[in-house]
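**Q** Supplied in structure tokens, the structure appears directly below.
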Amino acid sequence: MTKMERTKQSRDAWNWLWEWANPVKFMHLTGKALPWVVGLTLVTLIPGLIWGFFFTPEADKFGSSVKIIYVHVPSAMMAINAWAMMLVASLIWLVRRHHVGALAAKAAAPVGVVFTVIALLTGAIWGQPMWGTWWAWDPRLTSFLILFLFYLGYMALWAAIDDPDTAADLTSVLAIVGSVFAVLSRYAVNFWNQGLHQGASLSLDAEENVADVYWQPLVLTLVGIVALFVALVFIRTRTQLRRRRLHALELRERMADA
Amino acid sequence: MPDLGKYAEAVLSAWGISIFLVLALVGLSWRQSVVARRQLEAAEARAAKRGKSDDA
Amino acid sequence: MELTVEGLSVARGGMPVLEGLTFTLTTGNILILRGPNGSGKTTLLRTLAGLQPPLAGRIGLPPEAIAYGAHADGLKATLSVAENLTFWARVYGTTDIEPALAQFNLKGLRNRAAHSLSAGQKRRLGLARLLVTGRRFWLLDEPTVSLDQASVGLFADAVRSHVAGGGAALIATHIDLGLAAETLDVAPFRADPDRPTRTPTAFDEAFT
Amino acid sequence: MIALLVRDLRLAVRAGGGFGLGLAFFLIVTVLVPFAVGPEGETLARIAPGILWVGALLACLLSLDRIFQLDFEDGSLDLLATAPLPMEGAVVVKALAHWLTTGLPLTLAAPVFGILMNMQAPGHWWIFVTLLIGTPALSMIGAFGAALTVGLKRGGLLLSLLVLPLYVPTLIFGAEAATRGGAGMAVTTPILMLAGITAGVVAFLPFAAAAAIRINIR
């Protein structure tokens, strides 16, 4: 088998995935998948949260404040994952010119911002009784603050540019460069304030950290928040696609009238 | 309602803010989705009508 | 040397404006582009100059052969006429700006700052830039805007001597320059709004 | 490329504003800080490296939008894009011109302004060294931000929003190195990181900036 044939075959093997990149097929596939994703969100997130809130014991050191991890940890995880997803989607747009990629990145940004804000606020609320201050320039908190600024810049750039393809291109370039600088900032912030605070997030003591009582509901909420993210990105990307189609139809209308 | 002890304020406000923000995001996304769908349907109908009148 | 265009479609702001353009321009010739405002002449020239990608079709031209003259002259107000011209000459790797100054009757103005020039004088300086590029194919967008009768004559002479010396020019203009030239009317190539071009880049036809 | 550098420098000098304004802004920031935090020499000396770095960074930010905006408005950017000069080269040259007219004067002025902040002996040297290494990165990152926003009507504010988060690592390592140097501590790590950022930024960002410009003028 020649190399070309092999590449072609491997491309065929991935066809199922690239079908998502075609707007018509994306609308079709997400239309079908959406009820399932929403369903998964409901059956994982809500029980997970109820379990975490009502049926977990108090931790020795933290008392009932340990319950904050069920909102803090999932949103913190998704704040970073949302940016990672935007980076991948931007690359798909830049390399393969699939509009769905750019629009999915655009659709994910506000979701990422909300998760970042939740992570920051719940972190501050937790810090108040624990550290005796709302805000500490802890490397982790600081990194999230910087991530928040990156989200703001990204969204502002989308909003500022009129031509949709130009906006998609420029925001994708920003997402890539921004990712590099975000990692760099993380390292710099670590260096700048060498972990005056605990290593692991909301450091529960080692044995508590693995204790099933806390883990089981947390895993449920983690799965739930991923499902919620996917559902929101589906809905928002569908909105973006519809707006693009609307924009194109209106342009055509204007041209036909002229 | 579990007894939250001295951390009641912190726990409740953290959960309250989180749930409020997520619900606001979901609501906003849903609203935008409905509006976009309605506008698009109207525009498609106009385009279809125009196509027909062009043929005639 | 020749500039060949085959089945070219160009887009502005994501919407196709011209479709299926095919023509050839060989050295020693002039091609005048005509068409109403907004018909896509500027978009076509920008595409040929490589500033934007074509939607479809093929552009064949020898490397480093194009000099593009846009609506704006790209002059720096605080630099003198000679400094402006010398800058572009050095960018294109040439040195002699005297013939260009002479051709467009700018010798007396050489040390004047560009901001003190009249609109027509600025335009002449912008056109003199073409001569210092040393490129064969001139792509000109409305070159005679704000030029008086005599300056239009200067410009026509410059184009004539450029073409006689083995150059070529593609000029979008509304006025009669008195040049021996072929004319291409772009109006028939106007894109049909209800039939979006089916091309690999517009893979999601329904959405562009 | 040299022609472009000469032209940009000449323009900056003739337009006046260029470095004079950035330097004046830097001076004013340095003067205002003691009014805000009080005249105690000890406090001022302690925060001096950080204040000088932030002041230099903000002064640098002032003139960023001019890097490409004027060329975009008068059409030179289109003509440059069709010229034989690669856009990446033009970006580097323009960032260099920005550094020569902004970053370098700020670097030279910072040790002098340090006197106003009650800075002590080795501090002047280290603020000079760190700014010398760090300001090229500020200019290059700024050129990237300017390239992203070049076509926009009100790009100035957006430019700041995009560029400031990108400045964070440079600021952290620069100010840290200056502080440590002034206190007589080991500076190798932050200096190396600062130099690494500058080198990496100068090596890679021109490609991103050139891509952004090509997208913006199409």
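Chains as they are written, first to last, in the working numbering: chain A, 1 to 258; chain B, 259 to 314; chain C, 315 to 522; chain D, 523 to 740.
All C-beta atoms in this analysis are idealised placements derived from N, C-alpha and C, irrespective of residue type, glycine included.
#1: The beta strand (DSSP E) spanning M329(C) covers which residue range?
#2: Since G597(D) meets chain C, which of its residues come closer than 9 Å, beta carbon to beta carbon?
#3: Is the distance from the Cβ of G63(A) to the Cβ of G263(B) below 7 Å?
#4: Excluding the 5 residues preceding and the 5 following R326(C) in the sequence, name in chain order all residues of the same chain whose CB lies nearer than 6 Å to its CB.
#5: Is S460(C) helix, strand or coil by DSSP?
#6: Of all the CB atoms in chain A, is at least one closer than 7 Å to the CB of A730(D)?
#7: If we ignore side chains and look at the alpha-carbon of each, how far apart do P561(D) and M86(A) end up?
#8: From the DSSP secondary-structure annotation, give me the bridge partner or partners of V324(C).
#9: Could you check the C-alpha separation between L554(D) and I573(D) for me, to the nearest Å?
#10: Quick check: what's the CA-CA separation for I411(C) versus A381(C)?
#11: Note down, in chain order, all residues in the stretch 329-344 of chain C with a beta-carbon under 8 Å from any beta-carbon belonging to chain A.
#12: Helix or strand or just coil, what does DSSP make of S394(C)?
#13: Rounded to whole angstroms, what is the Cα-Cα separation between F278(B) and A272(B)?
#14: Counting pairs of Cβ atoms below 8 Å between the stretch 231-243 of chain A and the stretch 277-296 of chain B, do you hit three or more?
#15: What does the alpha-carbon distance come out to for the pair D162(A) and I649(D)?
#16: Could you please give the first and the last residue of the uninterrupted alpha helix (DSSP H) stretch that includes Y406(C)?
#17: Note the first and the last residue of the continuous alpha helix (DSSP H) segment covering A416(C).
#18: Does any residue of chain A have a CB that is nearer than 7 Å to the CB of G327(C)?
#19: Please report the straight-line C-alpha distance between A464(C) and A669(D), rounded to a whole angstrom.
#20: Any contact between the stretch 704-711 of chain D and the stretch 582-589 of chain D? By contact I mean 3 or more CB pairs, one from each, below 8 Å.
#21: Under DSSP, the beta strand (DSSP E) around E496(C) begins and ends at which residues?
#22: Output, in chain order, the set of chain A residues within a Cβ distance shorter than 7 Å of K307(B).
#23: Taking 7 Å as the cut-off, decide whether the C-beta atoms of F594(D) and V535(D) are in contact.
#24: With 7 Å as the threshold, decide whether the Cβ of L281(B) is near any Cβ in chain A.
#25: Report the neighbours of L147(A) on chain C: residues whose CB is nearer than 7 Å to its CB, in chain order.
#26: Quick check on L91(A) - is its C-beta less than 7 Å from some C-beta in chain C?
#27: Taking CB distances under 7 Å as the criterion, tell me whether G263(B) reaches chain A.
#28: Take I569(D) and list the residues in its own chain whose beta-carbon comes closer than 8 Å to its own, dropping the five residues that flank it on each side.
#29: Please report the residue range of the beta strand (DSSP E) in which G703(D) lies.
#30: Our contact map puts G383(C) next to P457(C) with C-beta atoms below 8 Å; I'd like the distance itself, whole angstroms only.
#31: Nearest to K283(A) by CA position, among V111(A), G123(A), L42(A) and N190(A), is which residue?
#32: Let's test the definition: count the other Cβ atoms within 10 Å of the Cβ of V292(B) and tell me whether it reaches 16, buried, or not, exposed.
#33: With a threshold of 7 Å on Cβ separation, who are the neighbours of L622(D) within its own chain once the five nearest residues in sequence on each side are excluded?
#34: Quick check: is the beta carbon of D163(A) nearer than 7 Å to any beta carbon in chain C?
#35: Please return the same chain residues whose Cβ sits closer than 8 Å to the Cβ of L686(D), not counting the five positions on each side in sequence.
#36: Measuring CB atoms only, is the stretch 296-304 of chain B touching the stretch 443-460 of chain C, in the sense that at least three cross pairs come out at less than 8 Å?
**A** Once the coordinates are examined:
#1: By 1-based counting over the third sequence, the position of residue 329(C) is 15. M329 to T340 is the extent of the beta strand (DSSP E) around M329(C).
#2: Looking up residue 597(D) in the fourth sequence gives position 75. A384, H385, A386, D387, G388, L389 and G440, listed in chain order.
#3: Within the first sequence, residue 63(A) is the residue found at index 63, counting from 1. Within the second sequence, residue 263(B) is the residue found at index 5, counting from 1. In this structure, the beta-carbon distance from G63(A) to G263(B) falls below 7 Å.
#4: Residue mapping note: residue 326(C) aligns to position 12 of the third sequence, counting from 1. In its chain, beyond the 5 residues on either side, T357 have a beta carbon closer than 6 Å to the beta carbon of R326(C).
#5: What you label residue 460(C) is simply residue 146 of the third sequence in a count that begins at 1. The answer is coil: DSSP assigns S460(C) none of H, G, I, E or B.
#6: Against the fourth sequence, residue 730(D) aligns to sequence position 208. Under the Cβ criterion of 7 Å, A730(D) is counted among the residues facing chain A.
#7: Counted from its first residue, the fourth sequence places residue 561(D) at position 39. Counted from its first residue, the first sequence places residue 86(A) at position 86. In a straight line, the C-alpha of P561(D) is about 48 Å away from that of M86(A).
#8: Your numbering for residue 324(C) matches position 10 in the third sequence. Under the DSSP definition of a beta bridge, V324(C) partners with L332(C).
#9: What you label residue 554(D) is simply residue 32 of the fourth sequence in a count that begins at 1. What you label residue 573(D) is simply residue 51 of the fourth sequence in a count that begins at 1. Between the alpha carbons of L554(D) and I573(D) lies a gap of roughly 11 Å.
#10: In the third sequence, residue 411(C) corresponds to position 97, counting from 1. In the third sequence, residue 381(C) corresponds to position 67, counting from 1. CA-CA distance, I411(C) to A381(C), rounds to 16 Å.
#11: Within the stretch 329-344 of chain C, M329 place their CB atoms closer than 8 Å to a CB of chain A, listed in sequence order.
#12: Indexing the third sequence from 1 puts residue 394(C) at position 80. In the structure shown, S394(C) falls within a strand segment according to DSSP collapsed to helix, strand and coil.
#13: In the second sequence, the residue the question calls residue 278(B) occupies position 20. In the second sequence, the residue the question calls residue 272(B) occupies position 14. Take the alpha-carbon of F278(B) and the one of A272(B): they are about 10 Å apart.
#14: Contact holds: three or more Cβ-Cβ distances are below 8 Å.
#15: Mapped onto the first sequence, residue 162(A) falls at position 162. Mapped onto the fourth sequence, residue 649(D) falls at position 127. Taking the straight line from one Cα to the other gives about 43 Å.
#16: The residue labelled residue 406(C) in the question sits at position 92 within the third sequence. Judged by DSSP secondary structure, Y406(C) falls outside any alpha helix (DSSP H); it is assigned neither H nor E.
#17: By 1-based counting over the third sequence, the position of residue 416(C) is 102. Per DSSP, the unbroken alpha helix (DSSP H) holding A416(C) starts and ends at E412 to Q417.
#18: Here residue 327(C) corresponds to residue number 13 of the third sequence, with the count starting at 1. Chain A contact via Cβ: present.
#19: Within the third sequence, residue 464(C) is the residue found at index 150, counting from 1. Within the fourth sequence, residue 669(D) is the residue found at index 147, counting from 1. The C-alpha of A464(C) lies about 40 Å from the C-alpha of A669(D).
#20: No, the stretch 704-711 of chain D is not in contact with the stretch 582-589 of chain D.
#21: As a working note, residue 496(C) is residue 182 in the third sequence. Start and end: E496 to D499.
#22: For this step, residue 307(B) is matched to residue 49 along the second sequence. By Cβ distance, chain A contributes nothing, its closest Cβ being about 11 Å from K307(B), past 7 Å.
#23: Here the question's residue 594(D) lines up with position 72 in the fourth sequence. Here the question's residue 535(D) lines up with position 13 in the fourth sequence. Cβ atoms of F594(D) and V535(D): not closer than 7 Å.
#24: Here residue 281(B) refers to the residue found at position 23 of the second sequence. So no, L281(B) is outside the interface.
#25: Walking along the first sequence from the start, residue 147(A) turns up at place 147. One finds nothing in chain C with a Cβ atom closer than 7 Å to the Cβ of L147(A); even the nearest lies about 31 Å away.
#26: Locating residue 91(A) in the first sequence gives position 91, counting from the first residue. Judged by the 7 Å Cβ criterion, L91(A) is not in contact with chain C.
#27: For the purposes of this step, residue 263(B) is identified with residue 5 of the second sequence, where counting begins at 1. So, interface residue.
#28: The residue given as residue 569(D) occupies position 47 in the fourth sequence. Same-chain partners within the cutoff: V555, V559 and M639.
#29: Position 181 of the fourth sequence, counted from the start, is the residue given in the question as residue 703(D). Segment G677 to G704 is the alpha helix (DSSP H) holding G703(D); no beta strand (DSSP E) there.
#30: Within the third sequence, the letter at position 69 stands for residue 383(C). Within the third sequence, the letter at position 143 stands for residue 457(C). Contact check for G383(C) and P457(C): beta-carbon distance about 6 Å, within the 8 Å limit, so the pair qualifies.
#31: The structure shown does not extend to residue 283(A), since chain A spans only 1 to 258, so no value can be given for it.
#32: Here residue 292(B) is taken as the residue at index 34 of the second sequence, counted from 1. Burial call: exposed.
#33: If you number the fourth sequence from 1, residue 622(D) lands on position 100. Same-chain partners within the cutoff: L531.
#34: Looking up residue 163(A) in the first sequence gives position 163. At a cut-off of 7 Å between beta carbons, D163(A) contacts chain C.
#35: Taking the first residue of the fourth sequence as 1, we reach residue 686(D) at position 164. If we look at L686(D) and ignore the five residues flanking it on each side, its Cβ neighbours are L583.
#36: The answer is no - the stretch 443-460 of chain C does not touch the stretch 296-304 of chain B, with fewer than three Cβ pairs under 8 Å.
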